[in-house]
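Order-wise, the sequence lines are chains S and Y.
Count the first sequence with numbering that gives the first Met the number 0 and you get residues 0 to 450, in order.
Count the second sequence with numbering that gives the first Met the number 0 and you get residues 0 to 450, in order.
Have a look at the structure below before the remarks.
There are 2 protein chains.
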Amino acid sequence: MQTKYLLSEDQIPKQWYNIIPDMPGPLAPVINPRTMKPVTPDDLLPIFPMALIAQEVSRERWIPIPDEIREIYKLWRPAPLYRAHRLERMLQTPARIYYKYEGVSPAGSHKPNSAIPQAWYNKQAGIRRLATETGAGQWGSSLALACNFFGLECTVYMVKVSCTQKPYRKSMMQLWGAKVIPSPSEFTNAGRSILAHDPDSAGSLGIAISEAVEDAASHADTNYALGSVLNHVCLHQTVIGQEAKAQMELTGDYPDVVIACCGGGSNFAGLAFPFIADRAAGKQVRCMAVEPASCPTLTKGVYAFDYGDTAKIAPISMMYTLGHDFMPPGIHAGGLRYHGESPLVSQLYHAGEIEAKSYKQNACFEGALLFARSEGIVPAPESSHAIRAAIDEAVLAKEEGKEKVILFGLSGHGQLDMGAYDAYLSGNLEDYDYPEQKIREALERLPKVTL
Amino acid sequence: MQTKYLLSEDQIPKQWYNIIPDMPGPLAPVINPRTMKPVTPDDLLPIFPMALIAQEVSRERWIPIPDEIREIYKLWRPAPLYRAHRLERMLQTPARIYYKYEGVSPAGSHKPNSAIPQAWYNKQAGIRRLATETGAGQWGSSLALACNFFGLECTVYMVKVSCTQKPYRKSMMQLWGAKVIPSPSEFTNAGRSILAHDPDSAGSLGIAISEAVEDAASHADTNYALGSVLNHVCLHQTVIGQEAKAQMELTGDYPDVVIACCGGGSNFAGLAFPFIADRAAGKQVRCMAVEPASCPTLTKGVYAFDYGDTAKIAPISMMYTLGHDFMPPGIHAGGLRYHGESPLVSQLYHAGEIEAKSYKQNACFEGALLFARSEGIVPAPESSHAIRAAIDEAVLAKEEGKEKVILFGLSGHGQLDMGAYDAYLSGNLEDYDYPEQKIREALERLPKVTL
Numbered sequence: 000m001q002t003k004y005l006l007s008e009d010q011i012p013k014q015w016y017n018i019i020p021d022m023p024g025p026l027a028p029v030i031n032p033r034t035m036k037p038v039t040p041d042d043l044l045p046i047f048p049m050a051l052i053a054q055e056v057s058r059e060r061w062i063p064i065p066d067e068i069r070e071i072y073k074l075w076r077p078a079p080l081y082r083a084h085r086l087e088r089m090l091q092t093p094a095r096i097y098y099k100y101e102g103v104s105p106a107g108s109h110k111p112n113s114a115i116p117q118a119w120y121n122k123q124a125g126i127r128r129l130a131t132e133t134g135a136g137q138w139g140s141s142l143a144l145a146c147n148f149f150g151l152e153c154t155v156y157m158v159k160v161s162c163t164q165k166p167y168r169k170s171m172m173q174l175w176g177a178k179v180i181p182s183p184s185e186f187t188n189a190g191r192s193i194l195a196h197d198p199d200s201a202g203s204l205g206i207a208i209s210e211a212v213e214d215a216a217s218h219a220d221t222n223y224a225l226g227s228v229l230n231h232v233c234l235h236q237t238v239i240g241q242e243a244k245a246q247m248e249l250t251g252d253y254p255d256v257v258i259a260c261c262g263g264g265s266n267f268a269g270l271a272f273p274f275i276a277d278r279a280a281g282k283q284v285r286c287m288a289v290e291p292a293s294c295p296t297l298t299k300g301v302y303a304f305d306y307g308d309t310a311k312i313a314p315i316s317m318m319y320t321l322g323h324d325f326m327p328p329g330i331h332a333g334g335l336r337y338h339g340e341s342p343l344v345s346q347l348y349h350a351g352e353i354e355a356k357s358y359k360q361n362a363c364f365e366g367a368l369l370f371a372r373s374e375g376i377v378p379a380p381e382s383s384h385a386i387r388a389a390i391d392e393a394v395l396a397k398e399e400g401k402e403k404v405i406l407f408g409l410s411g412h413g414q415l416d417m418g419a420y421d422a423y424l425s426g427n428l429e430d431y432d433y434p435e436q437k438i439r440e441a442l443e444r445l446p447k448v449t450l
Numbered sequence: 000m001q002t003k004y005l006l007s008e009d010q011i012p013k014q015w016y017n018i019i020p021d022m023p024g025p026l027a028p029v030i031n032p033r034t035m036k037p038v039t040p041d042d043l044l045p046i047f048p049m050a051l052i053a054q055e056v057s058r059e060r061w062i063p064i065p066d067e068i069r070e071i072y073k074l075w076r077p078a079p080l081y082r083a084h085r086l087e088r089m090l091q092t093p094a095r096i097y098y099k100y101e102g103v104s105p106a107g108s109h110k111p112n113s114a115i116p117q118a119w120y121n122k123q124a125g126i127r128r129l130a131t132e133t134g135a136g137q138w139g140s141s142l143a144l145a146c147n148f149f150g151l152e153c154t155v156y157m158v159k160v161s162c163t164q165k166p167y168r169k170s171m172m173q174l175w176g177a178k179v180i181p182s183p184s185e186f187t188n189a190g191r192s193i194l195a196h197d198p199d200s201a202g203s204l205g206i207a208i209s210e211a212v213e214d215a216a217s218h219a220d221t222n223y224a225l226g227s228v229l230n231h232v233c234l235h236q237t238v239i240g241q242e243a244k245a246q247m248e249l250t251g252d253y254p255d256v257v258i259a260c261c262g263g264g265s266n267f268a269g270l271a272f273p274f275i276a277d278r279a280a281g282k283q284v285r286c287m288a289v290e291p292a293s294c295p296t297l298t299k300g301v302y303a304f305d306y307g308d309t310a311k312i313a314p315i316s317m318m319y320t321l322g323h324d325f326m327p328p329g330i331h332a333g334g335l336r337y338h339g340e341s342p343l344v345s346q347l348y349h350a351g352e353i354e355a356k357s358y359k360q361n362a363c364f365e366g367a368l369l370f371a372r373s374e375g376i377v378p379a380p381e382s383s384h385a386i387r388a389a390i391d392e393a394v395l396a397k398e399e400g401k402e403k404v405i406l407f408g409l410s411g412h413g414q415l416d417m418g419a420y421d422a423y424l425s426g427n428l429e430d431y432d433y434p435e436q437k438i439r440e441a442l443e444r445l446p447k448v449t450l
């Protein structure tokens with residue numbers, strides 16, 4: 000009874016899959032918040048290298064992965080695909096459940112899939128240092144790892160309260176040589192202006208983004224790197240779905256439904272986009288993005304132009320949003336707390352090409368516990384959203400007496416999130432109702448864009 | 000350039016390798032501390048199932064691995080073997096360095112290799128609950144995982160100070176359904192007698208062993224499980240070395256030296272014993288056990304009969320020991336702080352069949368940092384001892400201008416040990432000189448055994 004489906008290193012994808020030419024209609028322009036006109040490549044050059052700007056708008060379906068990047072991918076890729084035999088038995092379901100596990104990377108999640116190429120293209124462009132922000136720490140540690148491999152300096156603006164709550168993530172960044180700066184800091188105008196009004200500010204992702212972007216924009220040898228949302232980040236993550244397709248072929252099954260958790264959208268895009276591409280060949284596959292009920296961007300947000308950050312210095316994109324100053328409650332799935340959503344994922348959802356579902360965190364941890372006790376692996380709180388949705392699909396299959404093939408993305412492990420499990424096991428995990436009034440208020444502050 | 004050497008699930012070993020028939024001479028008897036006579040199987044039945052007692056003394060070279068155990072092994076086995084290309088380049092060494100990585104198990108170390116069979120054999124024997132002790136928490140979490148799979152209850156006596164210092168390990172045990180009791184506790188005579196004299200006792204591994212053994216011995220439905228030292232634990236771990244041999248064949252290389260960290264000895268045994276077996280076929284391979292300079296059992300201890308625990312209730316074995324009441328300093332490699340050593344490993348060392356080396360912890364963390372920055376993986380503090388020795392062998396190869404093939408065991412990841420890395424990076428990690436006077440004193444209290 001086979002449990003793991005492995006590929007050899009020469010089966011690491013040689014190209015990333017770019018969904019842009021296959022989108023259902025043209026992309027909306029991205030707007031420069033200063034000029035309120037469409038962004039030009041020149042607008043982005045102070046913070047991104049030209050190669051990544053080109054990937055952001057490329058209409059090539061396949062983009063070659065440089066050998067130097069594939070060499071680093073080999074440290075953990077191809078990532079394994081599992082058949083969840085024990086979970087199936089526990090659920091007594093006729094469904095066959097598979098999961099693609101990205102927690103095998105040194106940083107413990109899928110994030111290095113994009114951190115490695117971002118660092119490499121910046122190195123090629125002669126950049127000496129990258130600046131970024133991190134909340135929960137998954138992205139910051141992945142970029143620290145990537146910069147370390149290519150001899151780049153790395154500055155991570157880490158939300159101040161996270162430095163205290165997630166000290167191990169901070170330590171990992173430092174182990175890989177990054178400089179971690181609690182945000183808000185005295186190093187940027189953005190940070191200083193916050194501290195002037197509130198010296199004890201605990202920080203927020205919005206502030207940390209502003210600090211990192213300002214740092215990059217004001218130093219010629221420094222660029223900025225973002226861990227999700229952007230087209231080129233979704234692009235890099237498609238190694239996940241391409242490998243999963245090759246592995247599903249080994250199983251002899253093809254998924255009826257592909258499920259992934261969705262915050263900024265790159266994890267969902269990475270797994271789902273290569274399956275969506277199969278539809279052109281007549282394959283029928285549902286794709287489901289799962290998000291927290293307390294930050295329900297797709298399921299309760301609006302499809303509109305909005306700023307990428309709270310401070311309104313990042314570009315304005317057409318996307319599902321809860322409003323750029325929406326502050327979601329402090330759930331444990333820190334990686335799913337973004338107010339917006341990848342424009343590509345948003346457009347697909349708006350066109351009815353994909354589904355979305357939301358869960359409260361106790362329901363997710365209930366699924367994570369069932370998973371940890373059947374499959375062994377401790378899931379990241381983010382990934383637990385996909386697990387919960389997969390379990391519900393499997394239970395439905397049982398009720399309907401249907402065979403069904405379910406594939407979900409296990410985007411990371413949760414060994415550094417045990418405090419969240421403690422809270423769940425002791426019955427102290429809060430469920431948040433989605434603050435409808437707050438969203439309505441935030442949506443009144445969307446930018447006015449006239450094309 | 001291949002980085003990982005993988006095996007398929009049907010290449011998970013079907014037998015454990017038992018080194019007893021290949022030992023250089025007969026085994027010394029194990030002594031019952033109450034009677035001071037050789038232990039009989041009946042002496043052990045109150046705490047171990049007959050199948051494991053039989054394995055402890057078996058003279059069969061190959062012992063079949065039950066299918067039910069191989070099914071669970073499939074959740075992470077075969078474990079990958081890596082070529083450390085990037086570390087080699089960093090060291091500019093002509094040596095080829097390979098490492099076998101056991102951190103891919105759900106618990107993050109090699110420990111489940113024995114926890115799974117121990118739980119299974121106890122389940123077969125009709126046992127309802129297992130009791131054990133844990134210090135750093137690697138063994139406790141592995142046994143919790145194993146008991147969970149087979150529907151056994153699990154009680155872990157965890158050294159009280161570790162409950163505070165390693166809260167995430169405690170959480171993992173609870174996630175997998177174990178009951179964690181800070182030791183010393185009010186639940187046993189051993190615990191109560193300690194608390195009567197010292198209500199604030201921080202606990203010790205010796206006390207926790209006494210509590211777990213007493214719990215098992217005083218409940219008919221409960222047995223005891225030990226995570227290292229014993230012959231059957233070394234036996235179970237030989238899946239590591241057998242897989243590594245098959246993977247080394249794929250590389251086209253054969254190791255000149257095999258290196259593993261060594262506390263109780265089962266990790267070293269697991270990797271090295273199958274290579275030692277190759278000597279009968281004329282292969283020349285050095286095997287090196289690496290231990291902390293602050294707990295130098297092989298390199299500074301004596302080969303003598305001694306108690307397995309501080310409270311003198313565990314059997315007396317012929318082994319290298321620092322004395323059963325030797326208390327090593329609180330180094331971060333918590334898994335290497337045992338006063339004794341596997342009798343099998345001890346006998347091999349006494350016979351000159353294997354080498355031993357010790358390092359202070361700053362030297363080990365220096366190696367771990369180099370490794371994390373070249374290979375990405377964050378090593379467990381225990382495993383860093385093997386890394387340091389492998390680096391020194393590689394540097395020596397460079398100085399001598401020799402090609403050399405080095406294989407070392409990376410027994411676990413260190414993502415839950417980031418506090419230790421913080422201490423190292425901030426220059427606050429203490430190096431302990433080995434307390435020679437204390438060892439001399441402890442050795443005066445060895446038991447007198449007359450055969």
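Just so you know, even glycine gets a beta-carbon here, dropped at the ideal spot from N, CA and C.
From which residue to which residue does the beta strand (DSSP E) around residue i run?
{"i": "K356/S", "result": "E354 to Y358"}
{"i": "W15/S", "result": "Q14 to Y16"}
{"i": "L80/S", "result": "L80 to R82"}
{"i": "V289/S", "result": "R285 to P291"}
{"i": "N222/S", "result": "T221 to Y223"}
{"i": "T298/Y", "result": "Premise fails: T298/Y lies in the alpha helix (DSSP H), T296 to K299, not in any beta strand (DSSP E)."}
{"i": "R128/S", "result": "R128 to T133"}
{"i": "I438/S", "result": "Here I438/S belongs to no beta strand (DSSP E); instead the alpha helix (DSSP H) covers E435 to L442."}
{"i": "W61/S", "result": "W61 to P63"}
Excluding five sequence neighbours on each side, which residues of the same chain lie with their C-beta closer than 6 Å to the C-beta of residue i?
{"i": "R58/Y", "result": "I19 and P20"}
{"i": "L225/Y", "result": "none"}
{"i": "T298/Y", "result": "A355 and S357"}
{"i": "P116/S", "result": "I68 and H235"}
Can you tell which of the options has the C-alpha that lies nearest to the C-alpha of residue i?
{"i": "I470/S", "options": "A53/S, S141/S, Y98/S and R82/S", "result": "Coverage of chain S is limited to positions 0 through 450, which leaves residue 470/S absent and any answer about it impossible."}
{"i": "A276/Y", "options": "N17/Y, L442/Y and G322/Y", "result": "N17/Y"}
{"i": "H323/S", "options": "Q117/S, G339/S and L335/S", "result": "G339/S"}
{"i": "A135/S", "options": "R444/S, P198/S and G411/S", "result": "G411/S"}
{"i": "Y457/S", "options": "P181/S, A145/S and C146/S", "result": "Here chain S comprises residues numbered 0 to 450, so residue 457/S is not present and cannot be evaluated."}
{"i": "E392/Y", "options": "Q1/Y, E185/Y, P93/Y and G150/Y", "result": "P93/Y"}
From the DSSP secondary-structure annotation, give me the bridge partner or partners of residue i.
{"i": "L174/S", "result": "DSSP output for L174/S lists no bridge partner at all."}
{"i": "A362/S", "result": "Its beta-bridge partners do not exist; DSSP assigns none."}
{"i": "L406/Y", "result": "Y97/Y and V257/Y"}
{"i": "P37/S", "result": "I30/S"}
Could you give the first and the last residue of the continuous alpha helix (DSSP H) run that contains residue i?
{"i": "D41/Y", "result": "P40 to L43"}
{"i": "T163/S", "result": "K159 to Q164"}
{"i": "T320/S", "result": "It is not in any alpha helix (DSSP H) - T320/S instead sits in the beta strand (DSSP E) that spans I315 to T320."}
{"i": "A114/S", "result": "P111 to Q123"}
Starting from the C-beta of residue i, find all residues in its chain whose C-beta is less than 7 Å away, skip the five residues before and the five after it, and write them out in chain order.
{"i": "D416/S", "result": "H331, A379 and P380"}
{"i": "A422/Y", "result": "L428"}
{"i": "Q236/Y", "result": "H109, N112, S113, S265, N266, A268 and G269"}
{"i": "I312/S", "result": "P32, S209 and V212"}
Excluding the 5 residues preceding and the 5 following residue i in the sequence, name in chain order all residues of the same chain whose CB lies nearer than 8 Å to its CB.
{"i": "S200/S", "result": "K159, P183, I193, L194 and I206"}
{"i": "M49/S", "result": "P40 and A124"}
Practice task
Could you tell me which uninterrupted beta strand (DSSP E) segments, each at least 3 residues in length, are contained entirely in the segment 181 to 226 of chain S, listed from first to last along the chain?
Solution key: Listed in chain order, they are 221 to 223.
Practice task
Report the residue ranges of all alpha helix (DSSP H) runs contained in full by the segment 375 to 419 of chain S; include only those spanning at least 4 residues, in chain order.
Solution key: Fully enclosed alpha helix (DSSP H) runs of 4 or longer: 382 to 399.
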